[in-house]
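The sequence shown begins at 1 in full-length UniProt numbering and counts up by one. Using N, Cα and C, we set each Cβ at its ideal position, and we do this for glycine too. Read through the structure below, which is laid out as structure tokens, and then see the notes.
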Amino acid sequence: MERESSTPASSWLGIDEAAPFAGKKATKDAAAADAFVRRWPKVVNATLVAFIMTMPPLLILLGGGRPGAPAVWIKSTVASLAARGEPKKDVLLGGLLLPGFDEQSCVSRYQSVYYRKNMTRPPSPHLLRRLRQQEALQRRCGPGTEPYRRASERLRSGQNAGDDFVATVDGCGYLVLISYRGLGNRILSITSAFLYAMLTGRVLLLDPGKTMADLFCEPFQATSWMLPGDFPLEHFRDLGEDAPESYGNVAVNRSGSVAGLRFVYAHLDHAATPANRLLYCDDHRQFLHRVQWVILRTDSYIVPGIFLNPAYKEELDMMFPNKDAVFYLLSRYLLHPTNDVWGMVTRFYHSYLKNADERLGVQIRVFDGDEPFQHILDQILACTSQEHLLPGVVVSGHGGGVAPPPIARSKAVLTTGLNSWYHDSIRDMYWRSPSATGEVVSVHQPSHELHQHFFRSTHDMKALAEMYLLSLTDKIVTSGWSTFGYVGAGLGGLTPYIMIKPENHTVPNPPCVRAMSMEPCDHGPPYFECTKKEIDKIIDTGNLVPHVRSCEDVPWGRKLADPIS
1 MERESSTPAS
11 SWLGIDEAAP
21 FAGKKATKDA
31 AAADAFVRRW
41 PKVVNATLVA
51 FIMTMPPLLI
61 LLGGGRPGAP
71 AVWIKSTVAS
81 LAARGEPKKD
91 VLLGGLLLPG
101 FDEQSCVSRY
111 QSVYYRKNMT
121 RPPSPHLLRR
131 LRQQEALQRR
141 CGPGTEPYRR
151 ASERLRSGQN
161 AGDDFVATVD
171 GCGYLVLISY
181 RGLGNRILSI
191 TSAFLYAMLT
201 GRVLLLDPGK
211 TMADLFCEPF
221 QATSWMLPGD
231 FPLEHFRDLG
241 EDAPESYGNV
251 AVNRSGSVAG
261 LRFVYAHLDH
271 AATPANRLLY
281 CDDHRQFLHR
291 VQWVILRTDS
301 YIVPGIFLNP
311 AYKEELDMMF
321 PNKDAVFYLL
331 SRYLLHPTND
341 VWGMVTRFYH
351 SYLKNADERL
361 GVQIRVFDGD
371 EPFQHILDQI
381 LACTSQEHLL
391 PGVVVSGHGG
401 GVAPPPIARS
411 KAVLTTGLNS
421 WYHDSIRDMY
431 WRSPSATGEV
441 VSVHQPSHEL
451 HQHFFRSTHD
461 MKALAEMYLL
471 SLTDKIVTSG
481 WSTFGYVGAG
491 LGGLTPYIMI
501 KPENHTVPNP
511 PCVRAMSMEP
521 CDHGPPYFEC
531 TKKEIDKIID
541 TGNLVPHVRS
551 CEDVPWGRKL
561 ADPIS
């Protein structure tokens, strides 16, 4: 299991009447969300896109922003891109995003669409409806609100301890995600936790750690998803599987009784015990509905495990008709780099990638140490040759001095990794010899940190910038087991060529395989059937449902893919 960090060189449940924390206010929110989805095409097509894309830079007042007040949307960047002849694009991604945010405080939110291809998977109407409901829940119950203040006080005093407690008080329940492992792991856990929060009607709050505020903009209007610094639960980051509040302990040893517990701790680390993995099978009606606070620790993309739960099947099918687009859609909705990170992305892109006819991303992650290895370079070159991603070179003495044709096709290669040796070797190969096809190949690497670092702001910012740069390429090669690669490919909606992890310093045969989908792999899924919950009986959960299958790079892992026709 990779513990990736800043490797910068590198109808069960709608929040309708059935929602566990829904009340009268939630019903109103659902009605408002339905109305928004119904009128969305008219709003975007007739008013928003046509108007803003033909006007000069100005301030546009739009409804639908902060409740009760008009939203000011600064369109200067988008208008300037249009003035330079950029094709008109839907900056709201088919309703995935909302207007009304201050563009200047988070330029990437509305600008990133101009650096990407069109949406490869559109959001479903039901997903849009659920996002609007979740946004309303975050505003109503988030930090700074009276419901949050009361919930915090109950957590501090232990008032919500007992089997007769009902967590629907104030219509607010909470899911707190602990900041854990490296940046790639954290990004996968954020998207996973957000989906689980939507399914269970809880407000998602992120432990900011040391770097999160430097990396991402707030995804919700008029509220924050960051856990306040005065959160009353001390030492929550130190919780482990053996905690009395752990889900496995409550489910197995306490028979679901939450008497005396202020919260439940969900431990879904990739190496979690079978008892704690029972959470994958929880339908939120056994005992979690009696707990207002759930603390979650995971270093994995737990979404495939959630899709194995029959209780959520109907809801998930409506939200995601395309099973290979869960991370792609949720990450495009949630994860908007801060201006500092976005500036790093755009400056590098314009300097080295923009003008190429084709862009290839090569993400390199070595698990055998920080020193460079010849067999890794051989594997990269074998993969790119096998898949016709990079041209060969002319053998020395056979046309080495021949110039490329006057109008030669250009290909920019973006490499990311801890060590620059692989980049230098590939660059030198195309410097010393011309390509066999006449293509002009340039090779670029933003940084090379040599060693992996954890929770250092500058390093995490570089790593995030490189993940986004990888997502802006046309094709991508990634390293097996690497969460960094999962994120880079998933953000861009790219189905990667995955280099299989070498054994005994030998290039695998084949050196790489085309992934079945652009979804990340869950390295620690459940290995039992939810309908039986026989945790001591290991089964192949990659054959239970047609859209959850074994991963190409991690055989015991699970990933989402559209069923084979």
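Asked	Found
What are the boundary residues of the beta strand (DSSP E) that includes residue 411?	410-416
Examine the Cβ distances between the segment 287-294 and the segment 147-157 and report whether three or more of them are shorter than 8 Å.	yes
Write down the C-beta distance between residue 439 and residue 462 rounded to the nearest angstrom, noting that I regard them as a contact closer than 8 Å.	Between residue 462 and residue 439 the Cβ distance is about 29 Å, and since that is not below 8 Å, they are no contact.
Helix, strand or coil for residue 145 per DSSP?	coil
Count the other CB atoms, across all protein chains shown, that sit within 10 Å of the CB of residue 18; report buried if there are 16 or more and exposed otherwise.	Its pLDDT being 33, under 50, residue 18 is placed unreliably in this model, and the coordinates cannot settle the point.
What does residue 293 pair with, by DSSP beta-bridge criteria?	174
Starting from the N-terminal side, write out each stretch of the beta strand (DSSP E) that is 3 residues or longer and does not extend beyond the segment 467-554.	475-479, 497-499, 512-514, 548-550
Count Cβ pairs between the segment 241-250 and the segment 482-499 that sit closer than 8 Å; are there 3 or more?	no
Note down the Cα distance separating residue 106 from residue 219, rounded to an integer number of angstroms.	10 Å
Three-state secondary structure (DSSP) at residue 92?	coil
Quick one: residues in its chain with C-beta nearer than 8 Å to the C-beta of residue 360, no 5 flanking neighbours on either side, listed in chain order?	384, 389, 390, 411, 412, 413, 414, 473, 474, 475, 476, 477
Just the C-alpha distance for residue 504 and residue 479, rounded to the nearest angstrom, thanks.	16 Å
Roughly how many whole angstroms lie between the Cα atoms of residue 259 and residue 135?	31 Å
So what's residue 268 in DSSP terms, helix, strand or just coil?	coil
Determine contact between the segment 130-148 and the segment 108-115, defined as no fewer than three beta-carbon pairs at a distance below 8 Å.	no
Do the segment 183-190 and the segment 272-287 meet, that is, are 3 or more Cβ pairs less than 8 Å apart?	no
Do residue 362 and residue 560 have their CB atoms nearer than 8 Å?	no
Residue 147: which of 558, 508, 174 sits nearest, CA to CA?	174
Since residue 527 and residue 514 should fall inside the 8 Å C-beta cutoff, what is the C-beta to C-beta distance between them, to a whole number of angstroms?	27 Å between Cβ atoms; not a contact.
Smallest Cα separation from residue 441: which of 305, 345, 356, 322?	356
To the nearest angstrom, how far is it from the Cα of residue 532 to the Cα of residue 282?	12 Å
If distances are taken between C-alpha atoms only, which option among 256, 205, 248 comes closest to residue 231?	205
Note down the Cα distance separating residue 349 from residue 97, rounded to an integer number of angstroms.	24 Å
Take residue 408 as the anchor and find which of 435, 424, 133, 93 has the nearest alpha-carbon.	435
Threshold first: 4 residues or longer. Then list the alpha helix (DSSP H) segments lying entirely within the segment 95-154, N to C.	108-111, 125-141
What residue does the alpha helix (DSSP H) around residue 326 start on, and which one ends it?	326-334
Please report the straight-line C-alpha distance between residue 549 and residue 511, rounded to a whole angstrom.	21 Å
Considering only C-alpha positions, which residue in the set 374, 437, 395 is nearest to residue 405?	437
If we count the other Cβ atoms within 10 Å of its Cβ and call it buried at 16 or more, is residue 506 buried or exposed?	exposed
Use the C-beta contact count for residue 553: other C-beta atoms within 10 angstroms, 16 or more gives buried, fewer gives exposed.	buried
Does the distance from the C-beta atom of residue 170 to that of residue 186 stay below 8 Å?	no
Determine whether the beta carbon atoms of residue 214 and residue 346 lie at a separation below 8 Å.	no
Which same chain residues, not among the five before or five after residue 2, have their C-beta less than 6 Å away from its C-beta?	Note on residue 2: pLDDT 43, under 50, position unreliable in the model; the coordinate value appears next. Answer for residue 2: 481, 482, 483, listed in chain order.
Could you name the residues of the same chain whose beta carbon sits closer than 7 Å to that of residue 569, not counting the 5 residues immediately before and after it, in chain order?	Lying outside 1 to 565, the shown extent of the chain, residue 569 is not represented and no answer is given.
Roughly how many whole angstroms lie between the Cα atoms of residue 267 and residue 545?	25 Å
Is any beta-carbon of chain D found at less than 8 Å from that of residue 139?	This model lacks chain D altogether, as it is built from one protein chain only.
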